[in-house]
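Take 12 as the starting number for the sequence shown in my numbering and just add one per residue. Cβ coordinates follow ideal geometry from the N, Cα and C atoms, glycine included. Step one of this worksheet: look at the structure below.
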Amino acid sequence: MIVAVAKETYPEEKRVALIPSTVPALTKVGLEVVVQAGAGEGANHQDTDFEAQGARVEPDRNRLLSQADIVLMVRGPGAHKDFSVQDLDSLKDQATLIGFLEPLAEPLVMKELAARKLTVFAMELMPRTTRAQSMDALSSMATIAGYKAVLAAADASPKLFPMFMTAAGTITPARVFVLGAGVAGLQAIATSRRLGAVVEAFDIRPAVKEEVESLGAKFVQLELETDEAQDSGGYATAQSEDFYRRQQELMAQRIQHSDVVITTAAVPGKKSPVLISKEVVSGMRPGSVVVDLAAEKGGNCAVTLPGKKIVHQGVIVIGPLNLAAEVPVHASQMYAKNISTFLLNMVKEGELELDMEDEITKGAMVAHGGQVVHEGVLSALEKEEK
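Here it is, written out as C-alpha cells:
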C-alpha cells in the first residue's frame, strides 16, 4: 500500500505530516511512503532526507494523490476551508484520509468526504486513554500553543516576568492568570513559572487542581455549580449561559489585578465560551496582556480579533492562530509520531486492517463505506441539516 504525504496548502502552514525519521517504521511493515517534493521544507526537512530514509519523492501532486491508498495530512478538508476540490477529485475511491479535519465543527464537509467513498480518520477524535496517548495529536499541539502563548505575552508585556533584586531596587514578579487547565493551560503555567511569574489558574474541572498545584501555581476556586464538567474523553463540556455569566463576574477582580491573562477554554465542535467581557478588559491596568488561545473558535475574550494583536484601552489583546506552525520542527516531530503510531496500529503485514471493535480505530473514524459513522459527527450533522 502507498502512503502519501502531500505538501500542506493551508496559509503559513509549515508543518509536515511525516518527518524522515518516521519513514523506516512504516516501510518495515510493508508500506511504501511517497512524499510530495518540498513537503518538508517548512520544517527543515529536504527531499534528500526523505529519500535517505527509504521514501520516494514525487514532484507531481496530482500523481501523488491519485496513486495513494492512504493520505496523511496536517490540515485536511474541514480544518482547511479552502481545501482544493481538485485534490479530492484526485483521490481514488476507498482511499484513506488521516489528519486534522474539524469533524464536529464541519459535519457537512465530513458528509461530502463520505459520499466520495473515502475512509476518514480525524486526529482530533483520538480517545484520551493511556493506550492512545502516543497518538494524541491535539495534546501535542496544545503543548506547543501553551508554551508559545507565554512567550508572546512576555514579549508584549511592558513588565519583566521574574523578580529581580537589583541595586536599583526590587522588581516584583509578574502576575499571570491562566483560564483553563487542559494541556495548553498546564504548559502555560509551567512556562510562566519557569520565567519567574506568580501564577494562578482556574478550570471548571476540580479534578485538575492537583496538577495545577504540582506546577507551583495557585488553583482558584469559584463558588459555581456546574453540569458535568468533562466528557468521557476528558474534554471540558459546554455549560449554560448563566454559568458563564456568573463565572465572568467572579473572575473579574482576579483578571483586573493580573499582568497577564492566558485563556485556553475550548469545547470540541462549539464556539469558544466568552470568559472575559469587554467591560472587564476595560477595567484592566494599562499594559496588561491577554493572550486568547481560543481565538480560532471566536475567542474567550470579547474583544479578541482572531489573528490580530490589538490594544483596547491600554490593554494588549493577542488572538493567535495556528501557533504550532510557528514551531514547525518540533511540531512536525510530535505530529509525525502521533500519526504514524496511529497508522501502525491499523496495519498488518502491509495492509490496512480496520478493527471496528478497537476503541482507537472506532473513536477516530469519521466516515467509512460511504457513510458518516462517528456518533458525535452524526449528531452535529443532524443539527446542521435541520
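What residue from the options has the CA that sits closest to residue i's CA?
| i | options | result |
| --- | --- | --- |
| VAL14 | ASP369, ARG67, HIS91 and ALA195 | ARG67 |
| ALA148 | LYS122, ALA195 and THR181 | ALA195 |
| LEU355 | ILE81, LYS18 and VAL223 | ILE81 |
| PHE111 | ARG257, MET174, ARG26 and THR177 | ARG26 |
| GLN105 | HIS379, GLU395 and ALA391 | HIS379 |
| ALA391 | GLY280, ILE287 and VAL285 | GLY280 |
| PRO138 | ASN349, GLU364 and VAL358 | ASN349 |
| PRO169 | THR130, GLU386 and ILE327 | ILE327 |
| VAL358 | LYS220, LYS39, THR177 and PRO22 | LYS39 |
| VAL302 | THR130, GLU222 and ALA167 | ALA167 |
| ASP100 | VAL85, SER77 and VAL210 | SER77 |
| LYS92 | GLY381, GLU360, VAL85 and GLU117 | GLU117 |
| GLU24 | GLU395, GLN259 and SER343 | SER343 |
| LEU37 | MET12, PHE213, LYS220 and GLU252 | MET12 |
| GLU290 | ASP253, GLU260, GLU395 and VAL278 | GLU260 |
| GLU386 | MET121, ASP253, MET174 and ARG186 | MET121 |
So, using beta-carbon positions, are residue i and residue j closer together than 9 angstroms?
| i | j | result |
| --- | --- | --- |
| LEU115 | VAL383 | no |
| GLY193 | THR275 | yes |
| LEU233 | ILE200 | no |
| ILE30 | GLY51 | yes |
| LYS18 | ARG72 | yes |
| GLU362 | GLY87 | no |
| LEU83 | VAL34 | no |
| GLU21 | VAL96 | This sequence places Tyr at residue 21; Glu is not what is there. Contact flag unset, no. |
| ALA79 | VAL45 | yes |
| VAL271 | ARG186 | yes |
Give the C-beta separation of residue i and residue j to the nearest angstrom, bearing in mind that I take them to be a contact with Cβ-Cβ under 8 angstroms.
| i | j | result |
| --- | --- | --- |
| ALA228 | PHE172 | About 14 angstroms; that fails the 8 angstroms criterion. |
| ILE109 | PHE94 | ILE109 to PHE94, Cβ: 14 angstroms. No contact. |
| PRO297 | ALA306 | 22 angstroms between Cβ atoms; not a contact. |
| GLY310 | SER283 | 6 angstroms |
| GLY374 | LEU136 | 6 angstroms |
| CYS312 | ILE287 | 4 angstroms |
| TYR346 | ALA28 | 7 angstroms |
| LEU206 | VAL161 | 7 angstroms |
| VAL314 | VAL292 | 5 angstroms |
Using the Cα positions of residue i and residue j, report the straight-line distance between them to the nearest angstrom.
| i | j | result |
| --- | --- | --- |
| THR352 | MET146 | 6 angstroms |
| MET376 | GLY65 | 29 angstroms |
| GLY49 | GLU393 | 40 angstroms |
| LEU197 | GLY191 | 8 angstroms |
| LYS128 | GLY325 | 53 angstroms |
| LYS397 | LEU119 | 12 angstroms |
| LEU332 | ALA263 | 25 angstroms |
| SER151 | PHE188 | 22 angstroms |
| GLU69 | ALA125 | 27 angstroms |
| PHE61 | ARG256 | 52 angstroms |
| VAL300 | ALA164 | 6 angstroms |
| HIS323 | ARG265 | 18 angstroms |
| THR177 | ARG204 | 20 angstroms |
| LYS320 | GLU364 | 47 angstroms |
| THR181 | ILE215 | 36 angstroms |
| GLU211 | GLU113 | 31 angstroms |
| VAL223 | LYS308 | 25 angstroms |
| THR59 | GLU43 | 16 angstroms |
| ASP366 | GLU221 | 37 angstroms |
| ALA63 | LEU304 | 38 angstroms |
| PHE230 | GLN258 | 15 angstroms |
| ALA179 | THR202 | 27 angstroms |
| PHE213 | GLY381 | 43 angstroms |
| PRO217 | SER32 | 40 angstroms |
| GLU395 | GLU252 | 21 angstroms |
| VAL219 | ASP98 | 42 angstroms |
| PRO184 | LEU334 | 26 angstroms |
| ASN55 | MET134 | 23 angstroms |
| LYS159 | MET174 | 21 angstroms |
| THR406 | GLN267 | With the chain covering 12 to 397 only, the question about residue 406 has no answer from this structure. |
Practice prompt. Could you say if the region 366–376 and the region 139–149 meet the contact criterion of at least three C-beta pairs nearer than 8 angstroms?
Written response: yes
Worksheet item: Counting Cβ pairs, one atom from each stretch, are 3 or more of them under 8 angstroms apart for the region 334–344 and the region 152–160?
Response: yes
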